[in-house]
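Heads up, the thing below is written out as structure tokens.
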Amino acid sequence: MYNERLAARRGALARWRNLDERIANLRLVVFVLGVVVGIASFALDLIAGPWLVAPFVGFISLVVWHAYVIRSARTVEIAVEYYLRALSRLDGTWPGTGNQRCDLVDDEHPYAADLDLFGHGSMFELLCNARTQAGERSLAAWLAAPASKEVVCGRQAAVDELRDRIDLREDLAMLGRDVGEFVHPDALIAWGERPSPFSPAVARWARIAAWMLASAAVGSVVAWALTPVGPWPLIVVIVLEWVTGRLLRDRLDAVLAGVQQPEEELVVLARVLDRMQQERLQSPRLAVLRQQLLTGNIVASVSIAALERRISWLNAQRNQFFAPFAYLLMWGVHFGLAIEGWRRQYGTQIRFWLDAVGELEALCDLSGYAFEHPADPFPEIRDCGPYFEGEEIGHPLLVETDCVRNSVRLDGECRAMIVSGSNMSGKTTLLRTVGINAVLALAGAPVRAKRLVLSELKVGATIRIHDSIQKGRSRFYSEIKRLQTLMEISRKGDGKLLFLLDEILHGTNSHDRRVGGEAVLRSFIDARGIGLVTTHDLALAGIADSLSPRAVNVHFADTLEQGKLHFDYVMRPGVVTRSNALELMRSVGLDV
0 MYNERLAARR GALARWRNLD ERIANLRLVV FVLGVVVGIA SFALDLIAGP WLVAPFVGFI
60 SLVVWHAYVI RSARTVEIAV EYYLRALSRL DGTWPGTGNQ RCDLVDDEHP YAADLDLFGH
120 GSMFELLCNA RTQAGERSLA AWLAAPASKE VVCGRQAAVD ELRDRIDLRE DLAMLGRDVG
180 EFVHPDALIA WGERPSPFSP AVARWARIAA WMLASAAVGS VVAWALTPVG PWPLIVVIVL
240 EWVTGRLLRD RLDAVLAGVQ QPEEELVVLA RVLDRMQQER LQSPRLAVLR QQLLTGNIVA
300 SVSIAALERR ISWLNAQRNQ FFAPFAYLLM WGVHFGLAIE GWRRQYGTQI RFWLDAVGEL
360 EALCDLSGYA FEHPADPFPE IRDCGPYFEG EEIGHPLLVE TDCVRNSVRL DGECRAMIVS
420 GSNMSGKTTL LRTVGINAVL ALAGAPVRAK RLVLSELKVG ATIRIHDSIQ KGRSRFYSEI
480 KRLQTLMEIS RKGDGKLLFL LDEILHGTNS HDRRVGGEAV LRSFIDARGI GLVTTHDLAL
540 AGIADSLSPR AVNVHFADTL EQGKLHFDYV MRPGVVTRSN ALELMRSVGL DV
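Encoded structure:
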């Protein structure tokens with residue numbers, strides 16, 4: 000389907016570009032014709048002056064038409080880019096082409112970096128097609144914090160309803176520029192909710208004064224042109240306008256500070272709202288969001304569009320040719336007061352509109368992912384826990400043909416798996432597979448599995464731990480600080496922690512690692528947590544024996560064939576029986 004739509008959009012784009020080229024050539028012809036007519040009229044007196052109007056009107060008409068064609072071509076070009084990226088997601092060439100937004104999550108987040116949720120080749124980059132920053136932030140928040148069962152079920156129903164709405168997702172993609180260029184939504188929210196700088200009396204006085212002075216300015220200009228009174232009345236009016244402007248300047252600046260820049264952003268927001276309101280939405284959560292976009296009998300898109308028009312009219316005073324007339328007409332005061340009137344009526348609704356738009360866009364992102372992965376089911380969320388049972392779970396960032404699936408079950412009986420194995424055998428990928436599927440499940444998305452059942456969980460990981468010169472931390476100290484954070488989550492979470500510990504206590508000696516690792520794991524299990532711990536130190540595999548039956552050993556293996564290592568990435572019970580470190584060193588040319 001994507002290929003068919005891409006071919007159709009490419010055909011439309013070719014037609015628009017062809018029309019663009021023809022109009023550009025026609026504009027040149029009309030311009031030259033106008034020059035010839037002008038010379039013939041004024042220099043040679045061969046053509047009557049009124050004939051000059053025809054080339055002028057024709058040229059202006061072509062300029063307007065050309066602008067429409069250029070906008071239409073750009074819109075179709077965005078659709079082409081949208082489907083090219085959609086196809087890249089299907090063939091695995093998408094990393095680096097989308098929205099990465101590492102800034103949307105704290106550096107100390109307990110699992111975002113470990114599970115590749117943000118950044119190059121991340122889950123966020125794969126999912127996100129948002130046209131507003133509100134949509135970006137909603138999706139990021141869902142990935143960064145698990146939702147309750149009730150919320151997850153509501154999102155699942157909404158995503159399932161939106162799954163096949165390709166036209167909706169395409170229309171949203173074509174609504175504007177790259178979202179990174181847009182104003183931050185907090186600025187609009189703060190503007191809408193700040194106290195009014197105008198009291199009712201001052202606003203009434205300012206409005207009356209602006210109309211009176213503008214009328215006086217027009218009258219003075221007419222009088223100067225038609226009577227012998229001269230420019231003095233106009234000069235007096237200009238001085239009075241300057242005084243009035245000075246008196247109102249601080250108040251007007253406070254009104255306009257938050258909205259003079261985001262004119263195009265408001266256009267996009269209004270279009271997103273309008274497109275969403277056109278859609279017939281049935282699921283309970285979508286119905287709630289649709290209602291949230293209404294204020295009395297006025298829909299949000301109409302209200303935002305009205306604000307955008309007022310800002311557009313206000314910004315007309317920046318034109319150097321119109322600026323003198325705008326000054327005489329008190330243009331800034333008139334439209335500043337009009338914008339303040341809008342803010343008084345609708346300002347407190349901006350937060351709710353942006354929240355609704357953000358959630359709707361995030362749901363559309365998840366629905367696009369669901370459409371592109373029809374074999375991925377929605378997980379079942381259990382009330383009791385902690386519980387995680389994934390049958391044939393795989394990593395969603397891997398191309399399906401490269402993805403080896405394994406089954407994992409963690410519950411009240413078996414709370415932890417000690418995963419041993421040689422280097423590059425798949426231990427860390429298993430941790431990330433379990434973690435990222437839990438994150439997707441509790442965000443309301445489908446999961447890469449044959450079946451997944453889990454309870455409400457809070458994920459914590461020590462997979463990608465780094466030292467820090469700025470913070471004066473070694474890798475080992477950074478790891479134990481993260482373990483402390485996970486322990487706090489476990490104690491506060493009432494048995495909801497899903498811990499994913501990669502090469503636990505890697506930066507210390509074998510004895511301390513064995514004693515410390517067992518103590519940490521026992522603490523997590525005693526706090527009713529569940530999870531996986533990887534190691535290639537076989538001494539740590541004995542931890543499972545001391546914690547049996549609450550912990551078990553599993554492993555990944557490799558084979559050496561004709562001097563080359565081969566991995567099947569299949570998880571097996573028990574402890575690994577061999578190491579491949581020396582073989583790996585030899586394979587890269589080290590003499591060992």
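Residue numbers (numbering that gives the first Met the number 0): 0 to 591. Note that beta-carbon positions come from the ideal geometry of N, C-alpha and C, so glycine has one too. Here the structure is a predicted model, which is why all the values come from computation and not from measurement.
Take the alpha-carbon of residue 446 and the one of residue 308: they are about 44 Å apart. Cβ neighbours of residue 206 within its own chain (closer than 7 Å, five residues either side excluded): 336. Annotated three-state conformation of residue 565 is strand, per DSSP.
In terms of CA proximity to residue 436, 376 leads the group 290, 278, 376, 7. In the same chain as residue 100, and ignoring 5 residues on each side of it, the C-beta atoms closer than 7 Å to its own belong to 117, 123, 135, 139, in chain order. Contact annotation: the stretch 392 to 405 touches the stretch 554 to 570, with at least three C-beta pairs closer than 8 Å. Per the DSSP secondary-structure output, residue 557 pairs in a beta bridge with 566. The DSSP-derived three-state label of residue 457 is strand.
By the Cβ rule, the stretch 521 to 541 counts as touching the stretch 410 to 421, because three or more pairs are nearer than 8 Å.
Note on the stretch 232 to 286: there is no whole beta strand (DSSP E) run with a minimum of 3 residues. Sequence-distant Cβ neighbours of residue 83 in its own chain, meaning closer than 8 Å and more than five residues away, are 5. Here residue 253 has 196 as same chain residues with Cβ atoms under 7 Å from its own Cβ, once five neighbours each way along the sequence are excluded. Restricted to the stretch 417 to 487, the alpha helix (DSSP H) segments that are unbroken, complete and at least 4 residues in length are 426 to 440, listed in chain order.
Counting along the chain, residue 405 sits inside the beta strand (DSSP E) bounded by residues 405 to 409.
Residue 233 sits close to residue 219, with the two beta carbons spaced by under 7 Å. CA-CA distance, residue 126 to residue 502, rounds to 30 Å. Out of 384, 389, 434, the CA that lies nearest to the CA of residue 452 is found in 389.
Judged by beta-carbon spacing, residue 359 lies within the 7 Å limit of residue 288, meaning their Cβ atoms are closer than that value. For residue 193, there is no enclosing beta strand (DSSP E), since its DSSP letter is neither H nor E. Between residue 515 and residue 504, the C-beta gap is smaller than 7 Å, which places the two residues in contact. Annotation note: the stretch 302 to 386 contains the following uninterrupted beta strand (DSSP E) runs of length 3 or greater, listed N- to C-terminal: 379 to 381. Per DSSP, reduced to three states, the secondary structure at residue 415 is strand.
Partner residues in the beta bridge of residue 551, as assigned by DSSP, are 416.
Collapsing the DSSP output to three states places residue 57 in a helix. Ranked by Cα distance from residue 283, the first of 92, 73, 538, 151 is 151.
Sequence-distant partners of residue 22 (beyond 5 residues in either direction) whose C-beta falls short of 7 Å from its own C-beta, in its chain, are 61, 64, 65, 68. In the structure shown, residue 501 adopts extended strand secondary structure according to DSSP, grouped into three states. Secondary structure note for residue 530: its beta strand (DSSP E) is the uninterrupted segment 529 to 534. Within the same chain, and ignoring the five residues on either side of residue 466 in sequence, the residues whose Cβ sits closer than 7 Å to its Cβ are 472, 473, 474, 477. When secondary structure is reduced to three states using DSSP, residue 225 falls in the helix class.
Between the beta-carbon of residue 292 and that of residue 352 there is about 6 Å, and that keeps the pair under the 8 Å contact cut.
Annotated three-state conformation of residue 153 is helix, per DSSP. The stretch 99 to 115 makes no contact with the stretch 74 to 91: fewer than 3 CB pairs, one atom from each, lie closer than 8 Å. Residue 122: member of the alpha helix (DSSP H) spanning 122 to 126, first to last residue. Distance from the Cα of residue 201 is smallest, within the candidate group 248, 461, 191, 223, for 248.
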